[in-house]
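For the sequence shown, the working numbering gives the first residue as 25, with consecutive numbering after it.
Read the structure below first, then the notes.
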Amino acid sequence: MYPQNNEAKTWELVTLHESVAIIIYNKQRQKLVLVKQFRPAVYFSGLPSSCRKTGEQVDTTKYPGSSGVTLELCAGIVDQDKPLVNIAQQEVLEECGYQVPLEALQKIKTFRAGVGVSGDRQNLFYVEVDDKMKVTQGGGLAEEGEMIDVVEISVDEVRAMVNGPEEVTSPAGLLFGLSWFLQHKAPPAPTP
């Protein structure tokens, strides 16, 4: 409860960890490296209201799990007492399989995510990689229950995603990160 304009207000919220997210650009391939993963909250919110009743079994033949798969930046929570850049480095390796030197990670911005529910801080980094830095397949840590697909998209696909009117099943942080990339790092768009 808190006061606002001399009136007592209440607000439901969730406490979350701070996080890091990393824009990864493979300069050799000229592709951005992103991750796809199933997000239960996205799946649930996409169900018709008649299916969202607590405790009811969802018919996954009618509502496939693929509707809860999101495209995101490589990211992770800050749950260790380490500098943010070290956590970003660790996430790039765990999720995407690239071993990057700390000095290659560039801090871009810290901003608030989930402002209506959590107000958590997200720290955005940028790193350039090449194929020689790929030391594992990535995919996250199985012992943490992570099931992550690593995907590469071209700069033209990024432009279409950011500038097109189509709905994307992605967090706003992805769109912000991709917009930053297009403005500051992307090769110029071909002229028609």
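Glycine included, each C-beta is placed from N, C-alpha and C at the ideal position.
All values reported here derive from a predicted model rather than from experimental measurement.
With a Cβ-Cβ cutoff of 8 angstroms, do residue i and residue j count as a contact?
i    : j    : result
G164 : E96  : no
V124 : V153 : yes
A45  : G197 : yes
V159 : A210 : no
L71  : Y87  : yes
Tell me which residues share the same chain as residue i and place their Cβ nearer than 6 angstroms to its Cβ, disregarding the 5 neighbours each side in the sequence.
i    : result
V93  : K60, F62
Q130 : Y150
Grab the span of the beta strand (DSSP E) containing residue i for me, first residue to last.
i    : result
V159 : Unbroken run through V159: none, as it is neither H nor E.
Q52  : Here Q52 belongs to no beta strand (DSSP E), and DSSP marks it neither H nor E.
I132 : 130 to 137
How many Å lie between residue i and residue j at the Cα?
i    : j    : result
N147 : P195 : 14 angstroms
Q28  : W35  : 12 angstroms
R53  : C75  : 43 angstroms
L222 : A166 : This structure cannot settle anything about residue 222, because the visible part of the chain is limited to 25 through 216.
Using a Cβ-Cβ cut-off of 8 angstroms (strictly less than) and excluding sequence neighbours within five positions of residue i, which residues of its own chain qualify?
i    : result
Q161 : G121, V174
Just to confirm my understanding: we take residue i, look at its own chain, exclude 5 residues before and 5 after, and list those with CB closer than 7 angstroms. What are they?
i    : result
V38  : V141, S142
R145 : E42, T134, R136
L58  : L95, E96, L97, V175, I177
How would you write the range of the alpha helix (DSSP H) that residue i sits in, first residue to last?
i    : result
E181 : 179 to 187
Q207 : 196 to 208
Task: Start-end ranges of the beta strand (DSSP E) lying completely within the stretch 35 to 107, minimum 3 residues - done: 43 to 50, 55 to 62, 93 to 96, 98 to 101
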